[in-house]
């Protein structure tokens with residue numbers, strides 16, 4: 001494989017948009033045929049820009065990109081004739097049926113009529129879409145759309161396949177299917193570029209280009225990257241006191257590079273030649289065992305380590321008494337129907353004070369619907385919800401005053417400045433006078449908004465936007481915090497910082513409901529409800545759920561393994 | 001595409017690509033409720049609005065009629081007002097009874113037959129009526145005033161023919177050619193067909209192109225061997241045909257439902273309409289190429305195409321009575337050339353010298369728009 005000419009040569013490329021820092025800053029690298037190359041990085045790292053440069057749809061300011069021997073600026077047409085490209089939203093026409101989409105792309109790519117029947121048959125078989133050829137693309141599930149997008153990109157077998165974040169918004173099962181399909185393609189010598197913000201996907205690639213803020217951090221095989229932290233990753237188990245407190249203390253240790261909660265255990269990345277510190281704890285003392293390094297461990301290490309374990313936000317938070325046994329958030333048979341579609345079906349759980357509860361599931365499963373019913377944004381068709389003891393039907397306003405809400409995607413006013421957003425939300429939550437000044441000032445200090453106060457919120461980098469959104473949600477010291485996909489697409493450092501704050505707040509008695517499709521983030525939760533097709537198919541602590549699916553073949557399943565097994569189990573039950 | 005490219009492909013492939021694009025667009029038009037809404041429902045609403053709702057003729061305006069002195073003569077005149085098909089009359093004794101109604105808009109005017117009327121008439125002087133109107137609505141005010149005068153003139157003439165009055169001084173008799181009933185519907189409906197084609201050509205086209213950008217399908221298209229020219233042409237042809245279909249529907253309605261006369265030829269109608277669609281579509285493409293966003297595209301299309309077609313085309317307002325600067329601006333509004341020609345096709349017949357001039361100008365404006373649109377549509381994202 002090493003003798004073959006690279007399919008893509010990226011030579012010292014710079015791409016700028018307006019006055020912003022360059023989207024790509026002197027990036028260089030190669031992409032080979034017959035393997036999956038991951039384009040890895042958080043949102044805004046420059047992944048999409050780099051793919052668009054490869055398609056010839058954009059021209060670099062400096063440097064050049066060569067695809068299959070053609071220059072992307074002068075010979076774009078030649079490139080476009082031999083690549084397959086699936087943009088972020090798959091590039092499908094929603095008003096056209098599966099077959100019509102295929103026909104369209106077959107015509108556009110000049111697939112000879114004589115080859116069509118065979119090619120369509122093969123692709124429909126491959127993507128398992130044969131039963132749905134008459135269905136409109138808009139009516140397909142996320143996973144099926146993505147497969148159809150792939151099929152369209154594969155018509156007239158491309159030599160290079162460019163996939164822009166194919167794993168976003170797709171359930172883990174479809175994601176695994178897709179990965180297998182793409183792996184089969186590489187066996188035929190096709191070069192595949194798979195861009196992703198998920199680091200577990202990155203780990204599975206043959207080689208990666210790791211991007212952060214437009215800069216290339218690493219290029220090579222994921223194993224090579226993770227080997228840099230080999231022997232430095234530990235799993236600490238048997239923690240008797242609160243694991244959140246323990247994590248905070250570990251993170252304050254100067255030898256600890258990174259740390260996350262993994263169910264009942266804590267995963268630590270240490271500086272070279274150091275071992276996890278011993279916290280003076282009761283017996284039995286926690287035990288540290290070496291663990292297999294992951295891509296994310298190495299990424300964080302490369303970025304210079306995560307933030308410390310102290311959350312100033314939590315330190316200034318007034319503690320809520322955890323005496324009362326009454327749950328803070330309660331859902332009893334919450335059901336929402338839209339026409340004949342049941343988006344959420346009899347969802348029931350309760351969250352005691354000072355716990356993190358996670359709603360886990362693919363897009364469209366009903367997480368956000370459940371979530372919105374519980375913060376009083378959506379009226380349930382049946383069932384009831386309570387926050388801090390207030391019924392959401394009768395005392396919605398009272399309930400809402402006691403909760404802080406951070407919406408999926410950026411939900412602040414983009415045209416207002418940072419200061420104006422803070423002031424506006426303080427006003428909305430009824431803060432005024434000295435208290436308003438005090439709380440706003442505190443947020444500015446904690447999140448380091450000092451120099452950004454006059455900047456429009458929409459111009460902030462993604463990480464800072466998320467910080468501002470969190471600041472606005474906790475201004476009024478809510479008892480319950482609702483976080484809808486809070487860290488989607490954010491770089492891992494910001495994610496760590498975010499969880500440090502959340503963990504700290506929870507220790508002060510704040511109750512948190514969080515939705516996520518990051519499997520590893522689910523590990524931070526005390527308990528999880530797995531939502532699939534509107535129903536809660538499993539409820540328990542992360543370790544309990546994992547234990548449910550553990551088997552001889554898979555003694556130590558990941559959260560994703562657990563998810564897939566539980567979903568398949570529930571489907572079998574339904575079919576029976 | 002460079003000449004020595006290994007992918008120098010044949011005409012067949014190009015034709016197949018173009019056909020695929022047109023087919024795709026047609027499916028979308030048929031299946032997307034918003035296309036149907038803009039191409040068929042909105043035109044119908046507009047047409048009904050202009051056919052039935054909006055009328056520049058004042059029929060049935062409500063007025064208060066004050067008879068200050070009851071007498072056979074004044075009763076007779078009042079009957080004249082009551083019989084008029086332009087007025088709905090409420091009779092009173094004192095103008096104060098109607099003052100509040102006028103302020104509140106319950107009546108549009110007050111006509112007072114004063115005490116002096118009888119004396120003036122008897123003395124052979126021209127008897128004066130007092131007409132009170134609401135000046136904040138000058139159009140209606142004018143109508144009330146004019147029609148009140150006309151009613152009196154009518155009444156005088158009638159008394160004359162009865163042998164009970166005296167001959168009036170001089171009466172001018174008006175005759176209107178081509179639209180003898182002076183029904184405003186007859187020139188509003190042909191005009192609104194131009195508006196409808198602007199909607200389909202500019203608004204709908206700019207929306208669908210912007211939508212492809214928003215949904216990411218444009219990007220996927222561009223990464224295939226399709227050329228920018230093919231992409232544009234594949235958009236234009238379906239919407240060109242849709243525009244003509246929508247126009248045909250409007251014409252059929254105008255003629256068979258509203259009874260608007262159609263005195264010209266079908267050939268002239270289509271020649272004019274087809275040419276008009278050139279600048280309309282060109283403008284739509286230009287807008288969507290520049291904005292790539294449905295909201296902005298619709299705003300721009302409304303302000304730069306729909307409103308000018310409405311206000312600056314002579315459709316509702318006489319161009320000659322606009323300020324000179326505005327008159328110059330109207331010169332680049334394509335609808336300004338289409339509307340008089342269409343009205344001519346409907347009401348007068350084929351006057352080819354007028355049509356060819358209009359066609360030439362619209363063609364020219366169309367070429368300018370296309371050149372600009374082609375310049376700003378390259379196979380590049382940024």
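Protein chains in written order, with my numbering: chain A, 1 to 576; chain B, 1 to 382.
We treat Cβ as the ideally placed atom computed from N, Cα and C, and that holds for glycine.
Keep in mind it's a predicted model, so treat the numbers as computed, not measured.
Please report the distance separating the alpha-carbon of residue i from that of residue j.
i: residue 350(A); j: residue 483(A); result: 16 Å
i: residue 240(B); j: residue 29(B); result: 12 Å
i: residue 147(B); j: residue 21(B); result: 58 Å
i: residue 47(B); j: residue 404(A); result: 52 Å
i: residue 211(B); j: residue 340(A); result: 29 Å
i: residue 235(B); j: residue 48(A); result: 27 Å
i: residue 187(B); j: residue 89(A); result: 48 Å
i: residue 333(A); j: residue 364(A); result: 19 Å
i: residue 275(A); j: residue 217(A); result: 27 Å
i: residue 301(A); j: residue 230(A); result: 11 Å
i: residue 464(A); j: residue 314(B); result: 54 Å
i: residue 564(A); j: residue 173(A); result: 6 Å
i: residue 182(B); j: residue 103(B); result: Note that residue 182(B) scores a pLDDT of 48, beneath 50, so its modelled location is shaky and nothing firm can be said.
i: residue 15(A); j: residue 515(A); result: 35 Å
i: residue 297(B); j: residue 204(B); result: 10 Å
i: residue 356(A); j: residue 446(A); result: 22 Å
i: residue 158(A); j: residue 228(B); result: 21 Å
i: residue 104(A); j: residue 161(A); result: 19 Å
i: residue 180(A); j: residue 237(B); result: 42 Å
i: residue 359(A); j: residue 501(A); result: 19 Å
i: residue 144(B); j: residue 351(B); result: 37 Å
i: residue 185(A); j: residue 34(A); result: 8 Å
i: residue 258(B); j: residue 346(B); result: 12 Å
i: residue 236(A); j: residue 486(A); result: 27 Å
i: residue 572(A); j: residue 566(A); result: 10 Å
i: residue 56(A); j: residue 461(A); result: 27 Å
Using the beta-carbon of each residue, which ones in chain B are nearer than 7 Å to residue i?
i: residue 80(A); result: 223, 224 and 225
i: residue 85(A); result: 220 and 223
So what does residue i bridge to, in DSSP terms?
i: residue 259(A); result: 268(A)
i: residue 406(A); result: 483(A)
i: residue 212(A); result: 215(A)
i: residue 111(B); result: 65(B) and 131(B)
i: residue 443(A); result: Looking at the DSSP assignment, residue 443(A) forms no beta bridge with any residue, so it has no partner.
i: residue 337(A); result: 342(A)
i: residue 382(A); result: 335(A)
Give me the chain A residues within the contact set of residue i, using Cβ-Cβ distance strictly less than 8 Å, ordered along the chain.
i: residue 414(B); result: Since the displayed chain B opens at 1 and closes at 382, residue 414(B) lies outside it and no answer follows.
i: residue 24(B); result: 93, 96, 100 and 104
Just to make sure I have the definition right: I need the residues of chain B whose C-beta is within less than 8 Å of the C-beta of residue i. Which are they?
i: residue 226(A); result: Ordered by position in chain B, no residue passes the 8 Å Cβ test against residue 226(A), which lies about 33 Å from the chain.
i: residue 110(A); result: 9, 13, 16, 17 and 225
i: residue 137(A); result: Residues of chain B passing the Cβ test: none, with the nearest at roughly 10 Å.
Report the neighbours of residue i on chain A: residues whose CB is nearer than 7 Å to its CB, in chain order.
i: residue 31(B); result: 95
i: residue 210(B); result: The contacting residues do not exist; residue 210(B) stays about 15 Å from chain A at best.
Indicate whether residue i and residue j have their beta-carbon atoms separated by less than 7 Å.
i: residue 343(A); j: residue 381(A); result: no
i: residue 253(A); j: residue 269(A); result: no
i: residue 53(A); j: residue 65(A); result: yes
i: residue 185(B); j: residue 51(B); result: yes
i: residue 65(B); j: residue 79(B); result: no
i: residue 149(A); j: residue 201(A); result: no
i: residue 208(A); j: residue 291(A); result: no
i: residue 331(A); j: residue 348(A); result: yes
i: residue 307(B); j: residue 287(B); result: no
Going along chain C, which residues have a C-beta under 8 Å from residue i?
i: residue 215(B); result: In the displayed structure, chain C is absent; the protein chains listed are A and B.
Interface residues of chain A around residue i at Cβ under 9 Å?
i: residue 228(B); result: The premise fails here: residue 228(B) is roughly 11 Å from chain A at the closest Cβ pair, so nothing lies under 9 Å.
i: residue 20(B); result: 103, 104, 105, 106, 107 and 108
For this session: Could you run through the segment 52–65 of chain A and flag, in chain order, every residue whose CB is less than 9 Å away from some CB of chain B?
Result: 52, 55, 56, 57, 58 and 59
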